[in-house]
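Colleague: So in the working numbering the end of the sequence shown lands on 218, straight run, no missing numbers. Can you keep this structure in mind? I'll have questions shortly.
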Amino acid sequence: MKSKKNIIVSLLAFTALIFTMLTFSSCGMSGDKLAAEGKKLYTAGSYKEALEQFSAAEEAGLKNFKESELYHCMGNCFFHLENYGKCIDYQLKCVDADPEYFSGWVNLGVAYRKIGERDRAMECYRTALQYDPHNTDSAELYISLGSLSIELGKPMSAIEYLESANELFPESADVYAYLAIAYKMALEPQKSAEALEMAEALGYSKIDVVKERLAELD
Numbered sequence: 001m002k003s004k005k006n007i008i009v010s011l012l013a014f015t016a017l018i019f020t021m022l023t024f025s026s027c028g029m030s031g032d033k034l035a036a037e038g039k040k041l042y043t044a045g046s047y048k049e050a051l052e053q054f055s056a057a058e059e060a061g062l063k064n065f066k067e068s069e070l071y072h073c074m075g076n077c078f079f080h081l082e083n084y085g086k087c088i089d090y091q092l093k094c095v096d097a098d099p100e101y102f103s104g105w106v107n108l109g110v111a112y113r114k115i116g117e118r119d120r121a122m123e124c125y126r127t128a129l130q131y132d133p134h135n136t137d138s139a140e141l142y143i144s145l146g147s148l149s150i151e152l153g154k155p156m157s158a159i160e161y162l163e164s165a166n167e168l169f170p171e172s173a174d175v176y177a178y179l180a181i182a183y184k185m186a187l188e189p190q191k192s193a194e195a196l197e198m199a200e201a202l203g204y205s206k207i208d209v210v211k212e213r214l215a216e217l218d
């Protein structure tokens with residue numbers, strides 16, 4: 001049976017160990033480090049685990065890691081987990097923290113589109129475009145704006161966006177595929193046929209779907 005002195009020594013040693021562990025944890029896992037670990041997990045496709053790290057980072061507080069980037073990453077995790085409501089919540093936090101965050105606005109638009117809120121999606125896409133209208137990422141955004149305009153039954157707007165995309169990304173089969181539909185909707189069959197031919201020549205993977213859609217518009 002341990003003496004009272006030995007018990008006290010053991011308790012003091014255990015307390016010191018716990019204190020050391022807590023100190024190491026708080027110093028070694030700052031909000032910035034937790035966020036960085038979260039990004040690694042996100043890149044690896046471990047979205048639930050990444051969210052745990054991001055949430056811990058948010059609670060711990062950030063110094064150098066940008067708050068807008070943290071919310072953007074969290075929103076993306078929820079998107080991949082098909083929780084579009086939470087994705088929207090965090091992308092809204094992202095653009096609230098940094099109103100010029102291009103990808104935040106784009107992904108917010110994508111999430112709204114997923115739940116059928118097309119008008120809100122269009123508003124988000126347009127907001128993103130005004131902050132970064134001329135780079136490669138914007139080429140994809142013009143395509144999204146064009147395809148969404150087609151869904152909304154606005155072929156002239158679709159053509160305007162898709163022709164802008166074509167200037168930035170002239171070898172995109174997607175652009176020509178959507179242009180074929182938009183031109184047909186706008187009663188320009190010759191341009192539609194030419195765009196379809198280009199889409200097919202560039203290897204558009206869903207060319208049969210486009211042809212079916214064009215047939216429906218006859």
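Note that the Cβ used here is the ideal one computed from N, Cα and C, for glycine as well. All of these numbers come straight from a predicted model, not from anything done at the bench.
(1) Using the Cβ count rule (16 or more neighbours within 10 Å means buried), how would you classify D218?
(2) Let me know the secondary structure DSSP gives I115 once reduced to three states.
(3) List in chain order: all unbroken alpha helix (DSSP H) runs of 4+ residues lying wholly within the segment 33–109.
(4) Answer with buried or exposed for D208, where buried requires no fewer than 16 other C-beta atoms within 10 angstroms of its C-beta.
(5) In terms of alpha-carbon separation, which member of S192, F54, D132, E171 lies closest to A158?
(6) Using the Cα positions of A176 and K63, report the straight-line distance between them to the nearest angstrom.
(7) Considering only the alpha carbon of each residue, which of Y84, G85, N107 lies closest to V95?
(8) Decide if K48 is buried, meaning its Cβ has at least 16 other Cβ atoms within 10 Å, or exposed.
Modeller: Here's the rundown:
(1) Exposed, because fewer than 16 other Cβ atoms sit within 10 Å of the Cβ of D218.
(2) Coil, per DSSP.
(3) With a minimum length of 4 residues, the continuous alpha helix (DSSP H) runs that stay inside the segment 33–109 are 47–60, 67–80, 84–97.
(4) Flag for D208 reads exposed.
(5) Looking at the Cα atoms, S192 is the closest of the given residues.
(6) With the sequence shown as reference, residue 176 is identified as Tyr, and Ala is not the correct amino acid for it. Straight-line measurement puts the Cα of K63 at about 46 Å from the Cα of Y176.
(7) Residue N107 is the option with its Cα nearest to V95.
(8) Exposed.
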